[in-house]
Amino acid sequence: MVSSFGVKVTLLIGPEVTAHFFQGLESEISHGNLFEFTVPMFGEAVGYGRDTATRTEQMRFHIEALRPSRLRSHVYPMLQEVEGYFAKWGEEGIVDLKLEFEKLLMLISSRCLLGKEVRENMFDEVYTLFHEIEDNGVTLISFLFPYLPTPANRKRDKARIRLTQILSDVVDSRKNSGRVEDDTLQKLIDSKYKDGRPTTVEEVVGLIIGLLFAGKHTSSHTSTWTAACLLSHPTFLRAAIEEQQQISSKYKDMGLDYNAFIEMDTLHRCIKEALRKHPPTPMLVRRAHKQFMVKTKEGKEYDIPQDHIVATPTIVTNNISYIYKDPQVYDPCRFGPERREDKVGGKFSYTSFSGGRHICTGEAYAYMQLKVIWSHLLRNFELELISPFPKTDWSKFLPEPQGKLLVKYKRNGILQSLN
């Protein structure tokens, strides 16, 4: 047990003691009011501004909008954004990949999640406003005192009001014109609660902002860590390039599509291993509403009292030595069919995307967009990391790679885009 800001927190370390943490009913263990800081960011109509039953239904809207079968329709727009973005690079040069990924991922989100109205007409303003909400809404002060009239909270609120106005106009325009688009925003507009009630404009806007926030944080940081890890390990980089050559050859007549990216197992494992070593959320937290008992690997039993704050540190679980061999080493092969180390301790051995009732609904979407980006880079560029391997910036409320990730690139002219 540890104490933080005067609050006692019980740490659950290892898959043997986290089953109830991930699978318990909302009435038994939940986030409680720990995520209240998101209400000023996303609005009172969604998420933790609503009761549990409504929030659960809204989670269903997210799940349905991002289900794997929907990903097929997102792949081509992702490819277009990626190819268009990297077409602007020169024949060779030096870039900060961290910044490049951040911009590109927001372009993809605007296209696939928000729709063409935002992507084509108002991307720059939306990009700026989203940054204002994120930079000022995800701080320690905003977490502890989300409604305190601090300068940061005022900037957050001002940006959210303007972003809400922009997105509300888009939703109203679609509803009034009867125009239907093939994007996630449309899926949320068309969603209905179990009693048949359609989503309101305010709910749609809050849901899409929340989705943008969750996806941007995970994907931008993971893409950067993947770059740092891959470019620091020539053996795995070479394996990823060879996989691209094989799949490019297989799909040369039809072009890369959803099935091609699903087949990129080596690249998938490279991303997954970067996530293991550098999880976007290093600590998952809940509040126990009822007492429960856990049993350790050694057979010891402990009672967790009612109203206790309970946490499981992903950064520790992902590095347990009896589950992961040489956990400090970047080794994507640990997830291969012969080792499957993430299954050694059961289904909660790997929790970079959380697990159980609160598993990340956008996991498949996140992997797909990262594969589309990295597939293009590996097929079209020679890349060299010229800045030091980044440290983790623990001063951030949500840790991220510290500083710039400077990479020297050169077009290789060998593998061309295939779509």
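The opening position of the sequence shown corresponds to residue 1 in the working numbering, with each subsequent residue numbered one higher.
By construction, the Cβ of each residue, glycine as well, lies at the ideal position given by its N, Cα and C atoms.
{"Asked": "Reference Leu398; option with closest CA among Arg179, Thr150, Thr218 and Thr164", "Found": "Thr218"}
{"Asked": "Buried versus exposed call for Phe130 [16 or more other C-beta atoms within 10 Å across all chains shown]", "Found": "buried"}
{"Asked": "Separation of Tyr330 from His233, as counted between CA atoms", "Found": "8 Å"}
{"Asked": "Range covered by the beta strand (DSSP E) that runs through Met283", "Found": "Met283 to Ala288"}
{"Asked": "Asp265 classed as buried or exposed, judged by whether at least 16 other C-beta atoms fall within 10 angstroms", "Found": "exposed"}
{"Asked": "Beta carbon proximity, His278 to chain B, threshold 8 Å", "Found": "In the displayed structure, chain B is absent; only one protein chain is listed."}
{"Asked": "Residue nearest to Lys488 in terms of C-alpha spacing, selected from Arg174, Val95, Tyr324 and Ala311", "Found": "There is no way to answer for residue 488, as the model of the chain reaches only from 1 to 419."}
{"Asked": "Where Leu418 falls, given that 16 or more other Cβ within 10 Å makes a residue buried", "Found": "Legend: pLDDT at Leu418 = 44, less than 50; position of this residue unreliable, no value from coordinates given."}
{"Asked": "Beta-bridge partners of Ile94, as assigned by DSSP", "Found": "Lys408"}
{"Asked": "Selection from Val310, Tyr258, Ala288 and Ser349 that minimises the alpha carbon distance to Lys297", "Found": "Ser349"}
{"Asked": "Simplified DSSP assignment, three categories, for Glu298", "Found": "coil"}
{"Asked": "Three-way DSSP call (helix, strand, coil) for Ala312 in this model", "Found": "Correcting the residue identity first, residue 312 is Thr in this sequence and not Ala. Correct three-state label for Thr312: strand."}
{"Asked": "Helix, strand or coil at Glu303 according to DSSP, with G and I counted as helix", "Found": "One point to set straight first is that residue 303 is Asp, not Glu, in the sequence displayed. Asp303: strand per DSSP, three-state reduction."}
{"Asked": "Cβ contact (3+ pairs, closer than 8 Å) linking the region 51-58 and the region 363-380", "Found": "no"}
{"Asked": "Residue nearest to Val201 in terms of C-alpha spacing, selected from Ser73, Tyr322, Val171 and Pro305", "Found": "Val171"}
{"Asked": "Nearest neighbour of Arg340, chosen from Pro68, Gln328, Tyr324 and Thr351 [CA to CA]", "Found": "Tyr324"}
{"Asked": "Cα-Cα separation between Ile304 and Leu284, rounded to whole angstroms", "Found": "16 Å"}
{"Asked": "Gln291 classed as buried or exposed, judged by whether at least 16 other C-beta atoms fall within 10 angstroms", "Found": "exposed"}
{"Asked": "Straight-line gap, Val205 to Gly24 (C-alpha atoms, nearest Å)", "Found": "30 Å"}
{"Asked": "Residue interval of the alpha helix (DSSP H) (run including Phe236)", "Found": "Pro234 to Lys250"}
{"Asked": "Where Lys396 falls: helix, strand or coil (DSSP)", "Found": "coil"}
{"Asked": "Validate contact between the region 213-229 and the region 243-254 using beta carbons, cut 8 Å, 3 pairs", "Found": "no"}
{"Asked": "Those runs of the alpha helix (DSSP H) which lie wholly inside the region 336-405 and span at least 4 residues", "Found": "363-380"}
{"Asked": "Residues that Leu113 bridges to, as DSSP identifies them", "Found": "Partner(s): none; Leu113 has no beta bridge."}
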